[in-house]
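Heads up: the structure comes next, in structure tokens.
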Amino acid sequence: MRKLSLSIALLLSATAAEASLRCDKGIASKGDRSIEVQAKCGEAVSRSLVGYTQNANGDQEFPIEEWVYGPRNGMYYYLTFQGGRLQRIDSKRGN
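Okay, here's the thing in structure tokens:
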């Protein structure tokens with residue numbers, strides 16, 4: 049039972065870590081505008097336009113961008129923006 053509780057706690061902490069990114073001038077969180085993330089985290093190492101998505105009605109397109117930060121303590125962080133809002137933060141250990 050104790051191992052199960054520990055596993056659940058680790059899973060929840062990993063999920064919470066993906067929802068934000070600690071930067072020199074603040075914490076970037078899901079829902080932040082791209083200009084806010086840039087002010088908190090500085091210039092990304094890389095920015096790529098990866099596609100477009102449509103709103104629920106299908107009458108407006110929004111760009112999807114991926115920004116890369118790192119390496120920070122051996123980790124790279126991949127931030128996905130839709131329509132200028134931060135939607136997702138993924139991380140991967142660098143080589």
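Okay, so the sequence shown: first residue is 49 according to this note's numbering, each after it adds one. The beta carbon of each residue, even a glycine, is placed where N, CA and C say it ideally should be. On a predicted model such as this, the values are computed, not experimentally measured, just so you know.
Between which two residues does the alpha helix (DSSP H) carrying residue i extend?
i      : result
Glu-84 : 82-89
Tell me where the beta strand (DSSP E) around residue i begins and ends.
i       : result
Gln-108 : Taken as a continuous stretch (DSSP letters only), Gln-108 belongs to no beta strand (DSSP E), as it is neither H nor E.
Lys-140 : 133-141
Val-93  : Run containing Val-93: none; DSSP gives neither H nor E here.
So is residue i buried or exposed if we call it buried at 16+ other beta carbons inside 10 Å?
i       : result
Arg-136 : exposed
Asp-80  : buried
Leu-134 : buried
Which residue from the options puts its Cα closest to that of residue i?
i       : options                               : result
Pro-119 : Thr-101, Gln-102, Pro-111 and Ser-94  : Ser-94
Ala-92  : Lys-140, Tyr-124, Gln-130 and Gln-108 : Tyr-124
Gln-130 : Asp-138, Val-98 and Ile-75            : Val-98
Tyr-117 : Ser-68, Cys-89, Ser-77 and Glu-109    : Cys-89
Ser-96  : Ala-104, Lys-140, Trp-115 and Ser-139 : Trp-115
Val-85  : Gly-122, Phe-110, Ser-139 and Gly-132 : Gly-132
Pop quiz: residue i and residue j are said to be a contact at Cβ under 8 Å. What is the actual Cβ separation, rounded to whole angstroms?
i       : j       : result
Ile-112 : Tyr-126 : That belief does not hold up - the Cβ atoms of Ile-112 and Tyr-126 are roughly 12 Å apart, past 8 Å.
Starting from residue i, follow its DSSP beta bridges and name the residues at the other end.
i      : result
Ala-76 : Leu-69
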